[in-house]
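**Student:** Below is the structure I would like to discuss, written out as structure tokens.
There are 2 protein chains.
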Amino acid sequence: MTITGKNIIGFDLSATGTVTFQAANPATSTLLPEQFYNATAGETATAVAKAANAFAAYNQKTAVEKAAFLDAIADEIMAMGDALIERAMSESGLPAARLTGERGRTTSQLKMFARLLREGSWVNACIDTALPERQPLPKPDLRRMMEPVGPVVVFGASNFPFAYSAAGGDTASALAAGCPVIVKAHPSHPGTDELVSQAVISAAKKTNMPDGVYSMLHCDNNGAIELVTNAAIKAVGFTGSRKGGMAIFNAAVNRPEPIPVYAEMSAVNPVIILPGAVAEKGEAIANGLAASVTLGVGQFCTNPGLIFMVDDAVTQTFLKTLSDAIEKTMPATMLSKGICANYENGVARLKDNKAVTVLSTGTTAATADKTEAIPYVFTVPQKDFIADASLSAEVFGPATTIVLCADVDAIKDALKIIEGQLTATVHAAAGDTAVAAVVDLLREKAGRLVFGGFPTGVEVCDAMVHGGPFPATTDGRSTSVGTAAIQRFVRPVAYQNFPQHLLPAALKDNNPLHILRQVNGVWTKNTVAS
Amino acid sequence: MTITGKNIIGFDLSATGTVTFQAANPATSTLLPEQFYNATAGETATAVAKAANAFAAYNQKTAVEKAAFLDAIADEIMAMGDALIERAMSESGLPAARLTGERGRTTSQLKMFARLLREGSWVNACIDTALPERQPLPKPDLRRMMEPVGPVVVFGASNFPFAYSAAGGDTASALAAGCPVIVKAHPSHPGTDELVSQAVISAAKKTNMPDGVYSMLHCDNNGAIELVTNAAIKAVGFTGSRKGGMAIFNAAVNRPEPIPVYAEMSAVNPVIILPGAVAEKGEAIANGLAASVTLGVGQFCTNPGLIFMVDDAVTQTFLKTLSDAIEKTMPATMLSKGICANYENGVARLKDNKAVTVLSTGTTAATADKTEAIPYVFTVPQKDFIADASLSAEVFGPATTIVLCADVDAIKDALKIIEGQLTATVHAAAGDTAVAAVVDLLREKAGRLVFGGFPTGVEVCDAMVHGGPFPATTDGRSTSVGTAAIQRFVRPVAYQNFPQHLLPAALKDNNPLHILRQVNGVWTKNTVAS
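For the protein sequence lines, the chains are A and B, in the order given.
If you're matching positions, the first sequence starts at 1 in our numbering and goes up one per residue.
If you're matching positions, the second sequence starts at 1 in our numbering and goes up one per residue.
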């Protein structure tokens, strides 16, 4: 388990370029020793060509064989033991417990997709049998299922070195769909990405997957665009900043052949706390909110960045409780100097805004040579919020802004102008009769609506939607978490009047995969009468 | 039933602009009397604002109420009787029988979506119940379903004045999804679009749908872009040329908020006839191919424009049969002068290509002042086809090019370079052992694979895929025909820890809609135990 700093191009290591970089430890502000080699144009082209070649061979593998590959990736990751956790700690500044939990989530995701493949019904098989005697024209036999789109590029995120990175949700769902993957490693945790990628390659070899089913490249921004605009790439998964996501989206949709981009970019995750809820359980909500805002140093894409409340006496009590909780919060190390600097700029921007008041901050014992963030809570009157779009921009980190509204109608007016979101949360008590109208507004804005809780914490399950209207993502029709994430990397193909021996197994009369199918309008696992 | 020439903006007629145009009768090359008014920027903005306002009200309607609206549209269209068919004939040059059939297909589509709504399971409800005791963290209750995206713009096609126009598949599926629709009328059949739109408005009033749930505008290209780039529009359906589709796609994805565009644009629908099939049933295939190429004067998006065969003795016999059939075909009126001129240019381009040979043409009795097309069959050697990308460009009309290949491997090499297609067809006999490899190649290229038949004829059913990789469409993840077309206009929304009374009916424990749902991984219509 050695970090080579090289690009992983299928089963080969390659470092033919001359541009190198080092990772930094954000907790100590020191550079880590290894040199990482950015891929040359030639290396990128080779990785894509290998992926394109591997596509057909990978799809000769059965679902069960692909599932074994995914399980093996999980096993290989676990086999790396503490050394992997330690490397991720040194590159991310995240604590061991958090990274151990995230590793568990990552291997669970891989195994979840393996189970999905073994069960098999995810291909949405649909069969309409022929009516040869129909007048005026015979009805043909038509059978449809989902097929993989082709090689996929995955851009991992800085804030999840495992769960949204080399072998994270995008990679797991693309490989499950039948698509070879090329990961663009994240420059803030390149060693972690290399180790995880070694685990993927080891799993690919052990389970006889084709060379090229997985590659990992280091690149700068130009290299990333080169990768995305290669004609053989058919889709992109991305988690990161709005600026980065839009650069990739624009490159992808303006290619000669446009391709889908699933970029999860930014969200302020509004939380609406209706007056009845403040009166009934304000203290619990205030403490819960303080914990959610500062969880993981606010570095979750579901961090609650905007709170909407009616400005009355109970809200003042609520704000006092929230302030007290925030003031007890110690500064904590962010993922990188760049992220910390962006956070400080975002906080400064709000402090400089005349309409904004600092309600409270955390303890200010941060050491200057570390990359530590101090939490902030701001307040702003609703009329100023509505007049200034910059107040609804994301500040990535442990900060939140409370929009104080004259009444519930003023909350609704404010919600109408917010952009698309990953989540939207509402707290309501029995007397809050406006809650249904608020939910109706929020439904148009977010991928996930939360009642009475907090948006941080993204459950990995069938029903999860981790997505949402632009700019939360570039494709609000999708989720990047949960089993439905596989649907991002497939397209429907219909087979008309095909003989049994040429049909994919999922569509054969005798249903050899024992999957649930829609046959002449009825969902069934039965064989098709011929 | 009067044609006013005005824009239909919700329940109002409007003609505040000064730019007018007339429709032409392609069979007589005469202008029809009515003046149609292009929408002004103000009228477009009003139509969009009405659609945005109608969105919430429309979604207060139950699925059964929306289904009644769709059924009523079908009834109102039928109530227009022969006058509607006659208007469509005079604007399209299509014969009465064809238009009567197409009207039937259109009303069937509307009723199909009404049935889909009444059944209700299309929302893909998925429920994962809570595990409050789970360690280390409780599992929340999560419930997901599909929700409409918002107002949709539909661009109808010249070649289907009913089935892909004002109340065609895009409109029917968008309205079924819960999205208000603004139709951009087609300038070659504006009167037909107005009449059909009157039927839609009449149905909307009779079934108490909100003003703005449907509008129809006349616009030039700039007006169309204005419509697509209005911030309140959330998706676009389009059927037409590659140039038109790409102009709309580019405008839509480069908006401040990019939106999905489902543009069905162009295809040459390759047909591969393997040697065994030529030997076994060459005569039947040749006659079937001639009929498919000339059906509807070749004006179907599924017209077979490229044929791949091995150049041997039986193929020569096949070509003779095909020639004989084509030579018997009379010239026929195309949809418009512009389409006929484009066809003639496409034919001239092939005739001028030194590698291309004219195998046969139809009778050449076309009258100069009409807009009639003569069918053409060309041949080209495989090596020239591979060297010249222009030979795989669509020629919209009754022309096809036969690519003569040295052997089956040469066919496969040629298929590797073709672009994305709506359909791909293969003819094979028992001895054609290469068929599986050919199907594997075609699967990556097309939305629908046809065995032993012809691509023309698009069955409206659950399993249909009328779509395909770029440039067949701008979104190969979708179909514009069949029940799955509804999925283009929805996005998933998850509800976390919601109380029963705030959940949509589709997600309530007691399953009041009696739909099929995925509950804790199992598909069932049962209630959820709480």
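Positions of the beta carbon are idealized from the N, C-alpha and C atoms, including for glycine.
Just so we're clear, the structure is a prediction, and the values are computed from it rather than from any experiment.
Spell out the partners DSSP gives Val377(B) in its beta bridges.
**Tutor:** One-based indexing of the second sequence puts residue 377(B) at position 377. Val377(B) is bridged to Ser360(B), Thr400(B).
**Student:** How about Leu502(B): is its C-beta nearer than 8 Å to some C-beta of chain A?
**Tutor:** Residue numbering aside, residue 502(B) sits at position 502 when the second sequence is read from its first letter. The beta carbon of Leu502(B) sits closer than 8 Å to some beta carbon of chain A.
**Student:** Could you tell me whether the stretch 263-281 of chain A touches the stretch 465-472 of chain A, using the rule of 3 or more Cβ pairs below 8 Å?
**Tutor:** The stretch 263-281 of chain A makes contact with the stretch 465-472 of chain A; the number of CB pairs closer than 8 Å reaches 3 or more.
**Student:** Roughly how many angstroms lie between the CA atoms of Glu76(B) and Phe155(B), to the nearest whole one?
**Tutor:** In the second sequence, counting from the first residue as 1, residue 76(B) sits at position 76. In the second sequence, counting from the first residue as 1, residue 155(B) sits at position 155. Cα to Cα, Glu76(B) sits roughly 21 Å from Phe155(B).
**Student:** Hey, quick one: how far does the beta strand (DSSP E) through Phe451(A) stretch, first residue to last?
**Tutor:** Mapped onto the first sequence, residue 451(A) falls at position 451. In the DSSP annotation of this structure, the continuous segment of the beta strand (DSSP E) that includes Phe451(A) starts and ends at 446-451.
**Student:** Is there contact between the stretch 149-163 of chain B and the stretch 12-28 of chain B, where contact requires at least three CB pairs shorter than 8 Å?
**Tutor:** no
**Student:** State the Cα-Cα distance for the pair His427(B) and Lys111(B), rounded to the nearest angstrom.
**Tutor:** Reading the second sequence from its first residue, position 427 is the one you call residue 427(B). Reading the second sequence from its first residue, position 111 is the one you call residue 111(B). One C-alpha to the other measures close to 35 Å.
**Student:** Could you tell me the alpha carbon to alpha carbon distance between Gly503(A) and Asp462(B), rounded to whole angstroms?
**Tutor:** Taking the first sequence and counting its residues from 1, one reaches residue 503(A) at position 503. Taking the second sequence and counting its residues from 1, one reaches residue 462(B) at position 462. Looking at the sequence shown, residue 503(A) is not Gly but Leu. Looking at the two C-alpha atoms, the distance is approximately 18 Å.
**Student:** Taking 8 Å as the CB-CB cut-off, is Cys301(A) touching chain B?
**Tutor:** The count along the first sequence starts at 1 and reaches residue 301(A) at position 301. Chain B, which has no Cβ nearer than 8 Å to the Cβ of Cys301(A), makes this no.
**Student:** Does any heavy atom of the ligand ZN sit closer than 7 Å to the C-beta of Ile326(B)?
**Tutor:** This structure lacks the ligand ZN; in fact it carries no ligand of any kind.
**Student:** For the putative contact between Leu335(A) and Ser90(A), defined by C-beta atoms under 8 Å, what is the C-beta separation to the nearest angstrom?
**Tutor:** Stepping through the first sequence from its first residue, residue 335(A) is reached at position 335. Stepping through the first sequence from its first residue, residue 90(A) is reached at position 90. Incorrect: roughly 12 Å between the Cβ atoms, too far for contact.
**Student:** Could you tell me if Asp440(A) is buried or exposed, where buried requires 16 or more neighbouring beta carbons within 10 angstroms of its beta carbon?
**Tutor:** Counted from its first residue, the first sequence places residue 440(A) at position 440. Exposed is the call here.
**Student:** Smallest Cα separation from Phe69(B): which of Met330(B), Pro180(B), Val377(B), Asn124(B)?
**Tutor:** Taking the first residue of the second sequence as 1, we reach residue 69(B) at position 69. The candidate whose alpha carbon is nearest that of Phe69(B) is Pro180(B).
**Student:** By the three-class DSSP mapping on this structure, what secondary structure does Arg517(B) have?
**Tutor:** Indexing the second sequence from 1 puts residue 517(B) at position 517. In the structure shown, Arg517(B) sits in a strand (DSSP, three-state: E or B).
**Student:** How far does the beta strand (DSSP E) with Pro492(A) in it reach, from first residue to last?
**Tutor:** The residue labelled residue 492(A) in the question sits at position 492 within the first sequence. Residues 490-496.
**Student:** Counting Cβ pairs closer than 8 Å, one from the stretch 92-103 of chain A and one from the stretch 132-147 of chain A, do we hit at least three?
**Tutor:** no
**Student:** Thr401(A) and Val380(A) look like a contact to me (Cβ under 8 Å); what is the Cβ gap, rounded to whole Å?
**Tutor:** Along the first sequence, read from residue 1 onward, the residue named residue 401(A) stands at position 401. Along the first sequence, read from residue 1 onward, the residue named residue 380(A) stands at position 380. Between Val380(A) and Thr401(A) the Cβ distance is about 6 Å, and since that is below 8 Å, they are a contact.
**Student:** Out of Gln382(A), Val438(A), Gln198(A), Ala185(A), point me to the one whose CA is closest to Leu217(A)'s CA.
**Tutor:** The residue you call residue 217(A) lines up with position 217 of the first sequence. Considering only alpha carbons, the answer is Ala185(A).
**Student:** What does a CB cutoff of less than 6 Å around Ala51(A) pick up in its chain, not counting 5 residues either side in sequence?
**Tutor:** In the first sequence, the residue the question calls residue 51(A) occupies position 51. Answer for Ala51(A): Pro151, Pro180, Ile182, Gly212, listed in chain order.
**Student:** Hey, out of Lys416(A), Leu295(A), Ala348(A), whose CA is closest to Thr456(A)'s CA?
**Tutor:** One-based indexing of the first sequence puts residue 456(A) at position 456. When each option's Cα is compared against that of Thr456(A), the closest is Leu295(A).
**Student:** What residue range is occupied by the uninterrupted alpha helix (DSSP H) comprising Gly305(B)?
**Tutor:** Taking the second sequence and counting its residues from 1, one reaches residue 305(B) at position 305. Counting along the chain, Gly305(B) falls outside any alpha helix (DSSP H), and DSSP gives it neither H nor E.
**Student:** Could you tell me whether the Cβ of Asn511(A) comes closer than 8 Å to any Cβ of chain D?
**Tutor:** In the structure shown, chain D does not exist; the protein chains are A and B.
**Student:** Please go through the same chain and pick out, in chain order, the residues whose beta-carbon is closer than 8 Å to the beta-carbon of Glu257(A), but skip the five residues on each side of it.
**Tutor:** Residue mapping note: residue 257(A) aligns to position 257 of the first sequence, counting from 1. Answer for Glu257(A): Ala231, listed in chain order.
**Student:** Strictly by DSSP, which residues pair up with Tyr214(B)?
**Tutor:** Position 214 of the second sequence holds residue 214(B). Answer is Val181(B), bridged to Tyr214(B).
**Student:** For His501(A), which beta-bridge partners are listed by DSSP?
**Tutor:** Here residue 501(A) is taken as the residue at index 501 of the first sequence, counted from 1. His501(A) is not bridged by DSSP to any residue.
**Student:** Identify each residue in the stretch 208-219 of chain B for which the Cβ-Cβ distance to at least one residue of chain A is less than 9 Å, and report them in chain order.
**Tutor:** Listed in sequence order: no entries.
**Student:** Smallest Cα separation from Ala429(A): which of Ile285(A), Asn269(A), Asp509(A), Ala79(A)?
**Tutor:** Indexing the first sequence from 1 puts residue 429(A) at position 429. Checking every option, the nearest Cα to that of Ala429(A) belongs to Ile285(A).
**Student:** Using the beta-carbon of each residue, which ones in chain A are nearer than 7 Å to Val435(B)?
**Tutor:** As a working note, residue 435(B) is residue 435 in the second sequence. Within chain A, the residues near Val435(B) are Leu502.
**Student:** In this structure, what does DSSP give as the bridge partners for Leu227(B)?
**Tutor:** Translated into positions along the second sequence, residue 227(B) becomes position 227. None, per the DSSP bridge assignment.
**Student:** So, are the CB atoms of Ile486(A) and Phe113(A) less than 8 Å apart?
**Tutor:** Stepping through the first sequence from its first residue, residue 486(A) is reached at position 486. Stepping through the first sequence from its first residue, residue 113(A) is reached at position 113. For Ile486(A) and Phe113(A), yes; Cβs fall inside 8 Å.
**Student:** Which two residues bound the contiguous alpha helix (DSSP H) that contains Glu194(B)?
**Tutor:** Here residue 194(B) corresponds to residue number 194 of the second sequence, with the count starting at 1. Residues 190-206.
**Student:** Could you check whether Val48(B) and Ile233(B) sit closer than 8 Å to each other, using their CB atoms as the reference points?
**Tutor:** Position 233 of the second sequence, counted from the first residue, corresponds to residue 233(B). Position 48 of the second sequence, counted from the first residue, corresponds to residue 48(B). In this structure, Val48(B) lies closer than 8 Å to Ile233(B) by Cβ.
**Student:** Against Ala96(A), what residues of chain B qualify as contacts under a CB-to-CB distance less than 9 Å, listed in chain order?
**Tutor:** For this step, residue 96(A) is matched to residue 96 along the first sequence. Ordered by position in chain B, no residue passes the 9 Å Cβ test against Ala96(A), which lies about 15 Å from the chain.
**Student:** Three-state secondary structure (DSSP) at Glu147(B)?
**Tutor:** In the second sequence, the residue the question calls residue 147(B) occupies position 147. In this structure, Glu147(B) counts as strand in the three-state DSSP scheme.
**Student:** Could you tell me the alpha carbon to alpha carbon distance between Leu513(B) and Thr129(B), rounded to whole angstroms?
**Tutor:** Taking the first residue of the second sequence as 1, we reach residue 513(B) at position 513. Taking the first residue of the second sequence as 1, we reach residue 129(B) at position 129. Leu513(B) and Thr129(B): Cα-Cα distance of roughly 19 Å.
**Student:** At a CB distance below 8 Å, what residues from the stretch 139-152 of chain B approach chain A? Give them in sequence order.
**Tutor:** Lys139, Pro140, Leu142, Arg143, Arg144, Glu147, Val149, Gly150
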